[in-house]
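Residue 85 in the working numbering sits at position 83 of the sequence shown, and the numbers go up by one each step.
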Amino acid sequence: MSLLSKLERKFGRFAIHNLILYMLIGFGVGYILYYINPTIYNLLPLYPELVMRGQVWRLVTWIITIPDEFSIWTIFMLYLFYWIGSSLENYWGAFRFNLYVFSGIIIMALGTMLVYFIFHVPGMTPSTYYVYMASFFAFATCFPNMQLFLMGIIPVKIKWLAILDGVLYVYNFISIGKLLIYPGTKGFVYGVRISIVLSFLNFIVFFFATRNYKRISPSEIRRKKQYKKQMVQAKGVTHKCAVCGRTPEDGEDLVFRYCSKCSGGYEYCQDHLFTHEHK
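Structure (structure tokens):
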């Protein structure tokens with residue numbers, strides 16, 4: 003039994019079902035605070051330097067911060083992530099989906115704090131956009147050939163969209179560095195780059211942790227080779243009379259039977275089944 007299966011058996015009852023719905027509701031709260039009460043909203047993002055001053059709640063509240071201002075694209079994005087999250091939960095089960103999401107959140111929060119301790123860069127904060135995109139990459143891995151209809155008419159397979167997003171991630175990682183020439187942007191640049199790297203890290207760790215490595219183990223490879231060898235040998239086996247040596251190729255009407263009185267599993271055609279000497 004894999005480690006994930008053992009964890010699921012022990013802690014599966016604590017899993018939050020329909021987790022993606024609660025996450026999107028939190029997202030909606032973030033948008034409301036952003037437009038109605040910016041003062042409270044500014045208490046939500048994860049700024050490591052403020053956490054070190056005692057504002058530890060930011061390690062959790064950053065989860066409902068918004069990645070961008072509200073637009074028509076936001077509605078489509080929220081619906082898409084609800085569909086993706088629900089599909090992954092149905093495919094993996096609530097426990098594994100919970101583990102994937104929360105591990106991504108924890109990795110991103112701890113990674114942001116760790117980089118702050120190492121480089122002492124103020125002003126950086128992780129983006130929730132990359133948390134949701136990590137789920138998109140997982141979805142594309144599980145359902146690579148599922149199609150989306152862009153603008154309602156253009157069918158595109160999920161795997162191609164994931165590859166395109168991966169290319170854009172790399173481009174954003176490189177191009178965001180151009181802002182380093184402007185004063186006060188260092189923290190922002192580091193924050194974006196950290197979010198990109200850590201979202202990919204969560205996907206990669208979970209992807210390799212859920213692979214079935216038994217199929218590439220030496221014992222499994224040896225077993226498959228032996229099976230193939232037996233199958234090849236079995237293809238060469240045919241009916242043959244122990245007396246006259248005839249086979250099915252000598253006539254389609256020939257019938258072969260084993261003799262229960264002969265030791266060694268001798269087989270005879272219908273002409274010698276009852277007339278042969280028992281061995």
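Just so it is clear, CB atoms sit at the ideal spot from N, CA and C, and this is done for glycine as well. Every value quoted in this text rests on a predicted model; they were computed, and no experiment measured them.
- Here residue 100 is buried, its C-beta having at least 16 other C-beta atoms within 10 Å.
- Within the DSSP secondary-structure output, residue 159 pairs in a beta bridge with 149.
- Rounded to whole angstroms, the gap between the alpha carbons of residue 28 and residue 48 is 16 Å.
- Contact between the stretch 53–73 and the stretch 88–96 is absent: fewer than 3 CB-CB pairs across the two stretches fall below 8 Å.
- Sequence-distant partners of residue 129 (beyond 5 residues in either direction) whose C-beta falls short of 6 Å from its own C-beta, in its chain, are 69 and 197.
- When the beta-carbon positions are compared, residue 83 and residue 137 come within less than 9 Å of each other.
- With a threshold of 16 other beta carbon atoms within 10 Å, residue 127 meets it and is buried.
- Looking from the CA of residue 199, the closest CA among 7, 179 and 172 belongs to 172.
- By the neighbour-count definition (other C-beta atoms within 10 Å, threshold 16), residue 98 is a buried residue.
- Residue 258 carries a strand assignment under DSSP once its states are collapsed to helix, strand and coil.
- About 6 Å separates the Cβ atoms of residue 270 and residue 278, confirming a contact at the 8 Å cut-off.
- Rounded to whole angstroms, residue 119 and residue 106 show a C-alpha spacing of 20 Å.
- Counting only the Cα atoms, residue 66 lies some 8 Å from residue 25.
- A residue is called buried when at least 16 other Cβ atoms come within 10 angstroms of its Cβ; residue 247 does not meet this threshold and is exposed.
- Between the alpha carbons of residue 194 and residue 175 lies a gap of roughly 8 Å.
- Residue range 74–94 is occupied by the alpha helix (DSSP H) that includes residue 93.
- Here DSSP, grouped into helix, strand and coil, assigns residue 270 to strand.
- As the crow flies, the alpha-carbon of residue 242 is around 12 Å from that of residue 253.
- Taking C-beta separations shorter than 6 Å and ignoring five residues to either side along the sequence, the partners of residue 32 in its chain run 66, 67 and 68, following chain order.
- When DSSP states are grouped into helix, strand and coil, residue 188 belongs to the helix group.
- The three-state reading of DSSP puts residue 144 in helix, counting H, G and I together.
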